[in-house]
Structures are given as structure tokens and as C-alpha cells.
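So the structure is just underneath, and the comments pick up after that.
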Amino acid sequence: MLTTIKKMATIVITSISIIGCTKNQDTILAPLTATVVKDLAADTVLGIASNGMPYSAGKYTFYSLEKNAIVPNTDSASTKWDIALYSTKILTNAGTSGTGMGGAFVYTGLFDDLKTIPTDSVFKTDNAPASYAVPYGSGKGWYTYDQATSLVTPLAGRVLVIRTASGKYAKIEIMNYYKGGVTLPLTASAADKLSKQRYYTFRFIFQSNGSKTF
Amino acid sequence: MKVLKDTIQWQGDSVVVTATRSERKLSNLTVPVTIINAKTIQQTGSLRLTDILKEQPGLTMTSGFGAGVQLQGLNPDYTTILINGEPLVGRTAGVLDLNRIALGNVKKIEIVKGPSSSLYGSEAMAGVINIITDQNTTIPIQFSARYGTYQTKDLSVDHALNSKSFFYQGFYNYYNTDGYSIRPNSLSRVTTPITRFTTHQQFKYHINDNTNLLLAIRYTKEQIQNDISVSNGGVTIHSNGTENINDYNVTATLNHRFSSQLKTSFRSYLTQYDSKQDLLTLSGGSYIDLLNHLFHRIENQTDWVVQKNLTAIFGAGSVIEGVKSSRYDSEQLRKTNNIQYAFTQWEWLPIKKMTFIVGARFDQNAAFASAFSPKFSMLYKINTIHKLKMSIGQGFKAPDFRQLYLNFTNAAAGGYSVFGSAQAQKAITDLNGLGQIGILYDNYYQLKILQPEYSTGVHLAWDIEPNPSTFLSFQLFRNDIKNLIEVQQLGAYTSGAQIFSYLNIGRAFTTGGEFEFRKQITNQFSINGGYQLVITGDKDQITQIKAGTVYTRDANGNSRRLTMSDYVGLPNNSKHKGQLKLNYTKENGLFANMRLLYRSRWAVNNTNGNQVFDNGDSFADGYISIHASIGKNYKNGYGVQIGCDNITNYIDAVHLPNLPGRTFFMTLKYQINHKK
């Protein structure tokens, strides 16, 4: 419990320093710069049950891209969050997931190359359990899972284009799924592969003026 | 002993049969051929086919489903393995385990590089490896006993009877190893305890001066003690049990010579490979895996000397084969295929310095489309020192039974299914009727009758022999492969588990160069070696990379476009390989050798998920292994040999499970020398 609080504290502190930085740059430079979020825990594995299967708390981590901060679980039914993370599943605040104006689609290409969201883009909303705006499953959206090595690898060249709860736009590139932002070696122990996964490192740009241009 | 004129006379070791399906001197061949003779096999202390092939230029051993051989960058599926010209069957996932073949009575091994389907049909896309046993020995009896690390025991008895009209040879081999574990604290052994028994019985009867009959039976029995751990999603399942393999081959050949211009040979060949894996998990669940492959072939080949500088070969045959497997819809029902084929080859020497060979083969199949395989090759002897060879040919590999009939659902790993292309349509329709199909992709509508995979290969060779003690050879090759059969996802169950089948979609190439040399330095001392460069690639992936639609990550973890300089080609391929061998032989029977083998890194796993093998993926490290052996053959028939393999104790348990650490062996031999 104590360690969890420590982790949260680390994330909050990192986030605050990033916000500070971003605000400064906002006022000086016109182009938006990416914010990096490190080690955002998303329902991390707590241990191995007696039946040999890993278990976790089973709770989403809610995140506001607008505020660049974790939103408490008590606000899950609000429009304060833009994305919610739960192992490799990513929700947006609309449809079956929330009451906001959210939505998303996966853009194939480079983060920096996506300067304007194409006008013919279709934002999807969550329709659990049949479909999600950010598709869930190996090779379907933003990651692959290798059964032989039990490792999750975010696909390069995938950008999650997000419509936030308030109807503004953001783009996200997920960079890593393991603690410390480094994918474990194939030969890592099964215990490490379980305990160090579900820590997101990602970069994002939120456009506060409501336009589709970053 | 009288030797018939139409039997193969091993003049030195320079006669090759595999390249043209007729006896030709190595120096007159139009295609690149490597010969490994019995002396090399003995002096390196090789027991199984794998042991000697791994030291040959241009060949790489693979692990996974047994020890297979990769030839000029092409996977084990694409090389035909023959014993005395008859194909071995019993491949798992396309790999024929070369540890099955004992080398005790092998006279020589011929390796033909380049597409050879014009003579051998399906599978001979990369080349052909023909193991030729001794059918003329005059040694009445010989024994060999060997003991080595990991309690590896090998016993061989070879005896022969000769009379004016009759020849008999019997070979028996027993091999047993305790196996080894090179992973610390692992319950499972990388190589499990194995017992193998092989016998090869050969009878030859000279009916008259122009006719002889050959009957050969080979039988191999193998028992493997399995102790397997399978990890999936952090859950490890241990199971143990045995795997029993029974493999027999029966050949009957009638050779007849009508005249010095015309001879013919009728061959009938029957082989069966039967494997049964019977496992019990520690929790009590049982797992049985069966494979039974039956192959019967009759063939006639007629050789005609049209005129002094023009010879022709005509051949025709019929194959009936069938496979039963527990991985098909019914393990009782044998899936069958019939093949009828005909081939011809014409060899023309317009002038003494030039040889042209043109050949073609047509294979008509019941289960899939037919194939036509032409080949052209030539030799130009510029002078006594320089020789140029050129060949261009088409090879093919017919879809195998697994690609047609597999019906496999892996309950242990998420319930995914793989259906052979002949089964997929019906299986999915049936599942759909039960409401189990969640989604079908475009690939499903692309399902059609599988076509053979085709390769076009071009080989160039320049041989230089400045003096009898020096030989150099430079070779260039390129193979272009189309119609590659690849596993593709067709859709998914309602549960989300994936459904796969096979489609003809891939295009690939392998290209490179080889350099070989031999030098007799003194009467006793010689050195030989080689270097090979192999570059491979998936043509569709290269198109995508050039179009800028393949991505990887930079050092900061940000995505960037993959460039061609990041691309490494096909997995499990080393770009550089080299061999260096030092040999010492004395007239008194003393011999010693040291062999250095080098292989550069190879891609093993697509870790960055972009489907393309590039510098951002995981590789097995390149390595050098060193082997040495010393021995003496005494005039009274006794022989003794000791050896050490992998002297530097190089171990890579994950990527090289077939390479144990340093091992030692000692062999004792005795043979009754024949009296003239």
C-alpha cells in the first residue's frame, strides 16, 4: 500500500514538473511540444494466486490529458477524465465507457507527421464488449503480444488520436508498457514479466484551442 | 572380384551421381557440387548426418522440430534428402531430423546446390543432399565402438560377403545418449535421452554380365524420453513421456544394359515414417501426437548415348503417398496424393571444352496444381586451370499434407486454430453454422487451391586449379521465390481466438557468394576452408519499407520510419559464415585435424512488433566453434581416435539447443583387412 502511494507520488511530481515546463514553452513557442508521461501504472499485477494465475486490483487508471493528471477513481462517472487504462485496454470517455464527448481512432504514421487530423477521419466510441474506439487485442490497435515470450510491445508508427471528454483533440504515442520505459529482455523471468508490466510510458499533445491542428 | 561395367565404380572419389542422375566426373559437372567422402566423415568423428553437414560451406543447421539444414539461406523444407537416390519422408513442420541418419556405412555424401526439381521434383528448390552407402566394400567385417561425454555410446558393426555373382552387406548401429541440460536449474533437458537403432541390409545379385538386381532395406528405431516444460502467460506445465519413431525404407532396383549405348533401370521404393509421442502432464492429463507418412514410388530411368558427344536420359514414375496424423480431422483416415511424373535431360559436348545440359520435368498431382521444372546448365573449360560454370533452373515445392489438411486447435495456448487450406472452407462454414465464428477477414475470401511454391535459381562458378595441390572456387548465386505458402489469419472465433490457414502470398529472395579453397602444403599437411555471404529478403516487406510504411523506434522510444539499412532480411539467416580446417595425415595411418566454424548473428524474434526483421529485433550472437580430433589407423586393422568438440565451450542455450558444451569422445575400431 505504502509503495503504491510512493508510485503515485512519483507520477504526480513528474507530471507537475512536466506541466510547468509545457506552460513555459506554450507562452514562448507557438508550436505545441509533446508531454512525456512515465510509468503510469494501469492495474499492475499484485501477485500470483494459488491457482497459478496472476491477479490485480481490477481497477482502471483514469487520466486527464487536459490537466495532465490522474483522476481519482471516485470521478469515474464524470467528464473529468479523457482516457482510462486497464492492462492493455484503453477507454475513451463516451459510449459505453462514459458520459463525455470522447472518442478515438488509431492513425498509422509518425507522431510528428500528424499535424492536422484529416477531415475524413472517423472517431469511434466504445461499445463494450464488442468493440472499443482504441481496439483491444494483439496486433489490432497499438500493441502486439507475443505468446512465446509473454511480452507486450507497443507498435511503432501508431498514434492514438483522442477526442477528449470535452470534445477537444489530443494525440498520443504509447512508447512502452514496462516499468522504467524499457521492455524486458526475452529471457527475463516470468515473475519479472508479470510484476513490471502495465506501466505506460507515452507522449502526448493536447490542443486546448479545440482545433484539429497540433 | 569382378565389377560389372554398369555399376558405379568409385574411381577415387571424383564420380558424382546426384547432379545429372548418371555417373559423371566432378571435373565435368556443370553445377556446383560438394562431396564429403568416408575419410572425412571418419576423421572428423562424425556419427550422425548433422555432425558432418554443419561443417560444410553454405549449409547451416537449424533447431526446432529436429535438426534441419538450411542451404544457401533457404529453409529445411526446400532441400531434398536422399539415401542412394531415394527420398526420406517424415517431416515435422517441414523439417526432416537429420539426426535420424547414421553415417557408419556411408561411402560419401553429395550436395548439389541450386534448384534441382528438373531431376528430383518437389522440395529440390534449394538443392539435394544424397547419402550414398558403400555397395562395393571388400572388408569382410569391421567393428567400431565409441564413448563420449553425456554417456554417449555408439556401436557399429559392418560386414560384407562377396562372391562372383553375389554381394551382401549388413550394417548395424546402436546409439544412446543420456542427453544434456545446458540451462541451469532446468527440469527439462535440452537434448533428451535418446536411443537409436539402425540397420541397413543390402543385397546385390549379378544375374549376368548385363543385368543386376539390388535389394536394400533400411530400418531405424528411435526412442526419445521427453521431459518438457511449456510456459504460457506465466503458467508452466511439465509433462513427460516417450516418443517412438519407426522408419523403414525398402528399395528394389533392376539394372539392365542392352548395349554400350542403352541401359535402363527399374526402381521400386517403399518407405514409412511412424512417430508417436505419448505425454503425461504432471497433473495427469495425457497428450498424444501421431504422424504416419507412407510413400511408395515406382520409377524407370533409361540412359541413351545417342552419339559420342550427345547423351540423353528419360525417366518416368508414379508416387502414391499418404499421411495420417492426430493433427488432422481424423487420425484414422489417411490423406492421400498421387503424383505422375516424367523427366528428360540432354547432355551435349559440341567441342571438348564445352558441355551443355538441358533438362525438364513435369509433375502431375492429384491434390494440387501440377508443376513444370526446366533447367539449363553449362561448363566451359577455358584451359587446364580455369573453368566456368553457369546454371539456371526452376524448382518447386508442392504444398505438403500439413498445409492442406492440418486441423489443429491449441487448447493450451488460447484456443487458436490452424486449418489446412483444403479443410479451412468447410471447417469455417461448419463453425459458422454453430455460431462460433466472430469475424472473417478478407483473407478468408482469398482461400483457394494451394499452388506449389516456385523458385528460379541462377548459379555462376569460377574454378581455378593452378596446380594439383591448389584449388580455388568463387561462386555467385541468386534464388527468387514466389508463391510462398504462409500462415495467415482468416478470422476469429466469437471468443476472440484466432483462426489461421495457408495462402500463397509470399515473395522472397536469397543471394550471395561463396569462396572455397584447398591447399596441400606438404605431403602430410593440408588446409581448406570457405566463406559464404548470404543476403535474404522478403520482397513485399522491402516494397513496404521503401514506401515508408514500416516503422521502428529511435533511442528515445519515439517512432521513426524503418530504412533499408535497418532491414536484415529473413529470420534465422546468418549473413556471414566461414570454415577453416587444418588436416594432418601421415603414411603410417596417423591423422589429426582442427576445424574452426564461424557464423555471424541471426535474427530470431520480431521483438518490436513491426512484422519485419530489422536491427531493432532480437538476435542470436554470432560465434566460433572449434573442433579437433586425432587418431591412428594401424596396418593390422585396429584404429583408435580421440576428439573434442566445441573446445571453447561455447553455449547459447536459448538459440543453439543442439550445441552442447565441450564434449570428448574416444573411438576404437577393428577391421579384418581383406586379402587380395
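The listed protein sequences derive, respectively, from chains A and B.
For the first sequence, numbering that gives the first Met the number 0 assigns the number 0 to the initial residue and increments by one for each residue that follows.
For the second sequence, numbering that gives the first Met the number 0 assigns the number 0 to the initial residue and increments by one for each residue that follows.
From the three backbone atoms N, C-alpha and C, an ideal C-beta is built for every residue, glycine too.
Given the structure is predicted, the values throughout are model-derived calculations rather than measurements.
Residue i - partner residues in DSSP beta bridges
i                 : result
Gly-638 (chain B) : B:Asn-632, B:Lys-668
Asn-83 (chain B)  : According to DSSP, Asn-83 (chain B) bridges with nothing at all.
Lys-316 (chain B) : A small fix is needed here, since residue 316 (chain B) is Gly in this sequence, not Lys. Beta-bridge pairing links Gly-316 (chain B) to B:Glu-298, B:Tyr-340.
Met-389 (chain B) : B:Met-377, B:Leu-459
Leu-212 (chain B) : B:Tyr-204, B:Leu-253
Asn-36 (chain B)  : B:Lys-107
Lys-481 (chain B) : B:Tyr-453
Pro-577 (chain B) : A small fix is needed here, since residue 577 (chain B) is Gly in this sequence, not Pro. According to DSSP, which records beta bridges pairwise, Gly-577 (chain B) is partnered with B:Tyr-530, B:Tyr-597.
Thr-91 (chain B)  : B:Val-94
Asp-688 (chain B) : With chain B represented from 0 up to 675, any question about residue 688 (chain B) goes unanswered, as that position is not in the structure.
Phe-708 (chain B) : No answer is possible for residue 708 (chain B): it lies beyond the span of chain B, which begins at 0 and ends at 675.
Phe-473 (chain B) : B:Trp-461, B:Phe-514
Asn-503 (chain B) : B:Ile-484
Gly-240 (chain B) : B:Asn-225, B:Leu-278
Phe-196 (chain B) : B:Tyr-173, B:Lys-220
Proximity below 7 Å, CB of residue i to CB of residue j
i                 : j                 : result
Thr-34 (chain A)  : Asn-67 (chain A)  : yes
Gly-120 (chain B) : Asp-362 (chain B) : yes
Tyr-268 (chain B) : Glu-85 (chain B)  : yes
Ile-534 (chain B) : Thr-510 (chain B) : yes
Asn-406 (chain B) : Tyr-327 (chain B) : yes
Gly-642 (chain B) : Gln-670 (chain B) : no
Leu-64 (chain A)  : Asp-81 (chain A)  : yes
Gly-392 (chain B) : Gly-432 (chain B) : no
Gln-402 (chain B) : Ile-484 (chain B) : yes
Ala-18 (chain B)  : Lys-106 (chain B) : no
Gln-677 (chain B) : Ile-223 (chain B) : The requested residue 677 (chain B) is not part of the displayed model; chain B covers only 0 to 675.
Gln-300 (chain B) : Ser-258 (chain B) : no
Arg-162 (chain A) : Gly-101 (chain A) : yes
Leu-102 (chain B) : Ile-193 (chain B) : no
Ile-173 (chain A) : Leu-31 (chain A)  : no
Gly-608 (chain B) : Leu-154 (chain A) : yes
Asp-616 (chain B) : Thr-551 (chain B) : no
Selected residue, minimal CA-CA separation from residue i, among the options
i                 : options                                    : result
Leu-193 (chain A) : A:Ile-204, A:Tyr-176, A:Glu-172            : A:Tyr-176
Ile-140 (chain B) : B:Ser-62, B:Pro-114, B:Gln-168, B:Leu-579  : B:Gln-168
His-158 (chain B) : B:Leu-433, B:Gln-134, B:Val-549            : B:Gln-134
Gln-610 (chain B) : A:Thr-143, A:Arg-162, A:Lys-211            : A:Thr-143
Ala-366 (chain B) : B:Tyr-247, B:Asn-336, B:Asn-248, B:Leu-589 : B:Asn-336
Leu-439 (chain B) : B:Asn-582, B:Asn-175, B:Gln-424            : B:Gln-424
Ile-541 (chain B) : B:Gly-529, B:Tyr-404, B:Ser-390, B:Asp-565 : B:Asp-565
Ser-325 (chain B) : B:Lys-307, B:Val-304, B:Phe-400, B:Thr-280 : B:Phe-400
Tyr-597 (chain B) : B:Gln-531, B:Thr-548, B:Gln-523            : B:Gln-531
Leu-281 (chain B) : B:Leu-309, B:His-237, B:Val-318            : B:His-237
Asn-409 (chain B) : B:Phe-395, B:Asp-441, B:Gly-621, B:Gln-497 : B:Gln-497
Ile-381 (chain B) : B:Ser-13, B:Asn-614, B:Pro-465, B:Ala-426  : B:Pro-465
Thr-186 (chain A) : A:Arg-162, A:Ile-47, A:Thr-148             : A:Thr-148
Phe-499 (chain B) : B:Ser-164, B:Leu-569, B:Gly-414            : B:Gly-414
Ser-329 (chain B) : B:Leu-289, B:Gly-358, B:Trp-347, B:Arg-360 : B:Leu-289
Gly-113 (chain B) : B:Gly-528, B:Phe-395, B:Phe-663            : B:Phe-395
Lys-307 (chain B) : B:Asn-571, B:Thr-49, B:Glu-346, B:Thr-270  : B:Glu-346
Contacts that residue i makes with chain C (C-beta to C-beta distance below 7 Å)
i                 : result
Thr-143 (chain A) : Checking the listed chains, one finds no chain C in this structure; the protein chains it contains are A and B.
Notebook entry, point to check: Are the segment 67–81 of chain A and the segment 102–120 of chain A in contact at 8 Å, needing three or more beta carbon pairs?
Noted result: no
Notebook entry, point to check: Quick check: the segment 254–273 of chain B against the segment 203–212 of chain B, are there 3 or more CB pairs under 8 Å?
Noted result: yes
Notebook entry, point to check: Does the segment 464–479 of chain B touch the segment 515–523 of chain B, meaning 3 or more C-beta pairs lie closer than 8 Å?
Noted result: yes
Next item on the list: Return the residues of the segment 550–561 of chain B that lie within a Cβ-Cβ distance of less than 9 Å from chain A, sorted by chain order.
Entry: Tyr-550, Thr-551, Arg-552, Asn-555, Gly-556, Asn-557, Ser-558, Arg-559, Arg-560, Leu-561
Checklist line | Three or more C-beta pairs below 8 Å linking the segment 24–39 of chain B and the segment 377–389 of chain B | finding: yes
Next item on the list: Decide if the segment 239–247 of chain B is in contact with the segment 262–276 of chain B; the criterion is three or more beta carbon pairs, one per stretch, under 8 Å apart.
Entry: yes
Note to self: Across the segment 139–158 of chain A and the segment 523–539 of chain B, are there enough close Cβ pairs to call them in contact, namely three or more that are closer than 8 Å?
What the structure shows: no
Item checked: Selection of the segment 491–507 of chain B by Cβ proximity to chain A, strictly under 8 Å -> Gly-495
Check: Are three or more beta carbon pairs between the segment 49–67 of chain B and the segment 87–99 of chain B nearer than 8 Å?
Finding: yes
Item checked: Where the segment 92–123 of chain B meets chain A: residues whose CB sits under 9 Å from a CB there -> none
Notebook entry, point to check: Name the residues in the segment 106–135 of chain A whose C-beta lies less than 7 Å from a C-beta of chain B; which are they?
Noted result: Leu-109, Phe-110
Next item on the list: Name, going along the chain, the residues of the segment 595–627 of chain B whose beta-carbon falls closer than 7 Å to a beta-carbon of chain A.
Entry: Asn-604, Thr-606, Asn-607, Gly-608, Asn-609, Ser-617
Next item on the list: May I ask you to list, following chain order, the residues of the segment 638–672 of chain B that have a beta carbon less than 8 Å from some beta carbon of chain A?
Entry: Val-653
Check: On the three-pair Cβ rule with 8 Å, is the segment 340–353 of chain B touching the segment 300–315 of chain B?
Finding: yes
Next item on the list: Residues of the segment 56–72 of chain A with a CB closer than 7 Å to any CB of chain B: list them in chain order, please.
Entry: none
Margin query: Any contact between the segment 140–153 of chain B and the segment 652–669 of chain B? By contact I mean 3 or more CB pairs, one from each, below 8 Å.
Written below: yes
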